[in-house]
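Here's the structure, in structure tokens; my notes come after.
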Amino acid sequence: MRVPFLDLSDVVSELRPQLDEAWHRVMDSGWFIGGPEVEAFEHEFAEFSGAKHCVGVANGLDALTLVLRGWGIGPGDEVIVPGHTFIATLLAVSQTGATPVPVEVDALTCNLDPAAIEAAVTPQTRAVIPVHLYGQLADMAAIATIAQKHGLLILEDAAQAHGASRDGAQPATHGHAAAWSFYPGKNLGAFGDGGGITTNDDALAARLRTLRNYGSTVKYVHDARGVNSRLDTLQAALLRVRLGHLQQWNDRRKAHAVAYLAGLAPIAAAYPDLRLPVVASGSDPVWHLFVVRHPNRQSLAAALAERGVNTQQHYPITPQQSGAYRESLGGVKLPVSEQTAAEVLSLPIGPHLTDAQRGYVIEMVGEALATL
Ligand SMILES: *Cc1c(COP(=O)(O)O)cnc(C)c1O
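Right under this line is the structure:
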């Protein structure tokens, strides 16, 4: 059997008539930037995620960057970020001219450790960006308490967490804003790049609508130095189709995760080097990724590949150890984050994984571990 990590052509196969209808609707409308289709998606996604506003933008990195710019964060400011995340979280801070300050993640959930924030706060700290890695929300209640104490703004990186909640609260509940990516492989993905911001803050939403469109809401009136970061009309129309299936597809991911955890538990008991993902209490993750850990991750990945099971690594090195940040942040030592990055291995999970494929992956993990 061959188990691909993720095959997006399955998305098209399942939804083709609806996607074709949306595509033709946009083509026939003659309206390709903004317009009612984008407004309808913004409205529907805000409603889905329980926020007052959604502002569509060009991608997830811009969503993060524009919120920071909307808050006036720039040179001389510091923004606290997790030491284990996709590099976009740090790049967004750098793009504003501010300094990203990576801090330790929790060894069990791989999410920002609330206890690590306090030690990193300086008079220059303006904001914190918790990342809801792998589809599980960070401990937002604890983070919000600390942020409030120090007057920090909270921007949630929700690029992997469409539909996730913790104690009933979705992103942009405890935080002042949440940034979303609609990159094709995300739980809610477009057919190209796309991103969005949700917030309950009226003034921030208005400012973001201006910033994303050349600093203008009225044509040729430019009140700020904005950027061109708009969500395409076509992507909005296609996203509306996929949004209609998000809940159901998240449920399929959850069913796979439950079965993985049950099937892999006896294997992890026999091979204690294998560590399974941990769900925090009160947490309702959407399993963007199913990430196991093993000290000999490369050999495990190779043994699985030999057996037809494709895996990936999210992310194999921390941003501060990468070439992009080695010079400025290379001296930062975060042992938990570094070890996490060195051990993570993502097994195939997605709405189109079959039960047979999932069973095969479980069996092959057992076989592969026996060869190490
Ligand atoms: C995907 C992702 C982003 C960036 O999204 P793009 O749409 O690719 O710009 C940011 N943060 C995290 C955690 C992501 O997974």
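Going by our numbering, the first residue of the sequence shown is number -15, and it counts up by one from there.
Ideal Cβ placement from N, Cα and C applies to all residues, glycine included.
No experiment lies behind these values; they were computed from the predicted model shown.
In three-state terms, what does DSSP make of residue 180? As a position in the sequence shown, residue 180 is number 196, starting the count at 1. It is a strand residue.
Same chain, Cβ closer than 6 Å to residue 71, five either side skipped, listed in chain order: Here residue 71 refers to the residue found at position 87 when the sequence shown is read from its first residue. Here the set comprises 303.
Are residue 68 and residue 325 close, meaning C-beta to C-beta below 8 Å? Within the sequence shown, the letter at position 84 stands for residue 68. Within the sequence shown, the letter at position 341 stands for residue 325. Yes; because the gap between Cβ atoms is below 8 Å, this pair is in contact.
Tell me whether the stretch 340 to 353 and the stretch 278 to 295 touch, counting them as touching only if at least three CB pairs, one residue from each stretch, are closer than 8 Å. yes
Helix, strand or coil: how does DSSP classify residue 283 here? For the purposes of this step, residue 283 is identified with residue 299 of the sequence shown, where counting begins at 1. Correct three-state label for residue 283: helix.
Which residue spans inside the stretch 215 to 303 form an unbroken alpha helix (DSSP H) run of at least 4? 217 to 254 and 281 to 290
Count the other CB atoms within 10 Å of the CB of residue 342; is the residue buried (16 or more) or exposed (fewer)? Residue mapping note: residue 342 aligns to position 358 of the sequence shown, counting from 1. It counts as buried.
Does the beta-carbon of residue 341, which I'm using as the reference point, lie nearer than 7 Å to any heavy atom of ligand 1? Here the question's residue 341 lines up with position 357 in the sequence shown. No, since every heavy atom of ligand 1 falls outside the 7 Å radius drawn around the Cβ of residue 341.
In chain order, which continuous runs of the alpha helix (DSSP H) of length 4 or greater are located wholly inside the stretch 92 to 174? 98 to 104 and 124 to 134
Under the criterion of a Cβ to heavy atom distance below 7 Å, does residue 45 qualify as lining ligand 1? Here residue 45 corresponds to residue number 61 of the sequence shown, with the count starting at 1. Result yes, Cβ under 7 Å from ligand 1.
Identify which residue in 250, 195, 278 and 218 has its Cα closest to the Cα of residue 49. The sequence position of residue 49 within the sequence shown is 65, counting from 1. Closest by alpha carbon: 195.
What does the alpha-carbon distance come out to for the pair residue -8 and residue 169? If you number the sequence shown from 1, residue -8 lands on position 8. If you number the sequence shown from 1, residue 169 lands on position 185. Taking the straight line joining both Cα atoms gives about 7 Å.
Beta-carbon separation of residue 208 and residue 182 under 8 Å? In the sequence shown, counting from the first residue as 1, residue 208 sits at position 224. In the sequence shown, counting from the first residue as 1, residue 182 sits at position 198. No, the pair does not count as a contact, with Cβ atoms beyond the cut-off.
Can residue -12 and residue 279 be called in contact, C-beta distance under 8 Å? For the purposes of this step, residue -12 is taken as the residue at position 4 of the sequence shown. For the purposes of this step, residue 279 is taken as the residue at position 295 of the sequence shown. In this structure, residue 279 does not lie closer than 8 Å to residue -12 by Cβ.
May I ask you to verify whether the stretch 266 to 276 touches the stretch 143 to 153, counting CB pairs closer than 8 Å and requiring at least 3? yes
For residue 312, write down the residues that DSSP places opposite it in a beta bridge. Taking the sequence shown and counting its residues from 1, the one referred to as residue 312 is at position 328. None, per the DSSP bridge assignment.
Rounded to whole angstroms, what is the Cα-Cα separation between residue 74 and residue 184? For the purposes of this step, residue 74 is identified with residue 90 of the sequence shown, where counting begins at 1. For the purposes of this step, residue 184 is identified with residue 200 of the sequence shown, where counting begins at 1. Roughly 24 Å between the two C-alpha positions.
Relative to the C-alpha of residue 281, which residue among 136, 152, 323 and 42 is closest? Reading the sequence shown from its first residue, position 297 is the one you call residue 281. Nearest of 136, 152, 323 and 42 to residue 281, Cα basis: 323.
contact_flag[the stretch 129 to 144, the stretch 7 to 27] where n(CB pairs < 8 Å) is 3 or more: no
Kindly provide the ranges of any alpha helix (DSSP H) runs that are 4 or more residues long and lie completely inside the stretch 20 to 65, ordered along the chain. 20 to 32 and 44 to 54
Please tell me whether, using a cut-off of 7 Å, the distance from the CB of residue 175 to the nearest non-hydrogen atom of ligand 1 is below it. If you number the sequence shown from 1, residue 175 lands on position 191. No; taking the cut-off as 7 Å, the Cβ of residue 175 has no heavy atom of ligand 1 nearer than that.
Does the contact criterion of 3 or more C-beta pairs under 8 Å hold for the stretch 314 to 323 versus the stretch 212 to 230? no
Considering only heavy atoms of ligand 1, does any lie closer than 7 Å to the CB of residue 115? Here residue 115 corresponds to residue number 131 of the sequence shown, with the count starting at 1. At least one heavy atom of ligand 1 is nearer than 7 Å to the Cβ of residue 115, so yes.
Can you find a heavy atom of ligand 1 that lies under 7 Å from the Cβ of residue 165? Position 181 of the sequence shown, counting from 1, holds the residue named residue 165. Within the cutoff, so yes.
Reducing DSSP to helix, strand and coil, say where residue 69 ends up. The residue given as residue 69 occupies position 85 in the sequence shown. If DSSP states are grouped into helix, strand and coil, residue 69 belongs with coil.
Out of curiosity, what's the CA-to-CA distance linking residue 84 and residue 5? Along the sequence shown, one-based indexing puts residue 84 at 100. Along the sequence shown, one-based indexing puts residue 5 at 21. About 44 Å.
Please state the DSSP three-state secondary structure of residue 17. For the purposes of this step, residue 17 is identified with residue 33 of the sequence shown, where counting begins at 1. Reduced to three states, the DSSP call for residue 17 is strand.
Counting along the chain, where does the beta strand (DSSP E) carrying residue 330 start and finish? As a first step, residue 330 is located in the sequence shown; it is residue number 346 there, counting from the start. 328 to 331 is the extent of the beta strand (DSSP E) around residue 330.
Can you tell which of 312, 292 and 119 has the C-alpha that lies nearest to the C-alpha of residue -14? The sequence position of residue -14 within the sequence shown is 2, counting from 1. Cα-wise, what sits closest to residue -14 is 292.
According to DSSP, which residues form a beta bridge with residue 80? Position 96 of the sequence shown, counted from the first residue, corresponds to residue 80. In DSSP, residue 80 forms no bridge with anything.
Proximity of residue 321 and residue 298 at Cβ, strictly below 8 Å: For this step, residue 321 is matched to residue 337 along the sequence shown. For this step, residue 298 is matched to residue 314 along the sequence shown. Cβ distance not < 8 Å, so residue 321 and residue 298 don't count as in contact.
Could you check how far apart the C-beta atoms of residue 3 and residue -4 are, in whole angstroms? I think they sit under 8 Å. One-based indexing of the sequence shown puts residue 3 at position 19. One-based indexing of the sequence shown puts residue -4 at position 12. 7 Å between Cβ atoms; contact.
Is it buried or exposed, residue 0, if we count other Cβ atoms within 10 angstroms and call 16 or more buried? Walking along the sequence shown from the start, residue 0 turns up at place 16. With fewer than 16 Cβ atoms within 10 Å of its Cβ, residue 0 is classed as exposed.
beta-carbon residue 179 near ligand 1 non-hydrogen atom, thresh 7 Å: If you number the sequence shown from 1, residue 179 lands on position 195. Checking every heavy atom of ligand 1 against the Cβ of residue 179, one is found closer than 7 Å.
Cα separation between residue 65 and residue 247? Indexing the sequence shown from 1 puts residue 65 at position 81. Indexing the sequence shown from 1 puts residue 247 at position 263. Cα-Cα distance, rounded: 34 Å.
For ligand 1, any of its heavy atoms closer than 7 Å to the Cβ of residue 93? As a first step, residue 93 is located in the sequence shown; it is residue number 109 there, counting from the start. Checking the Cβ of residue 93 against ligand 1 gives no.
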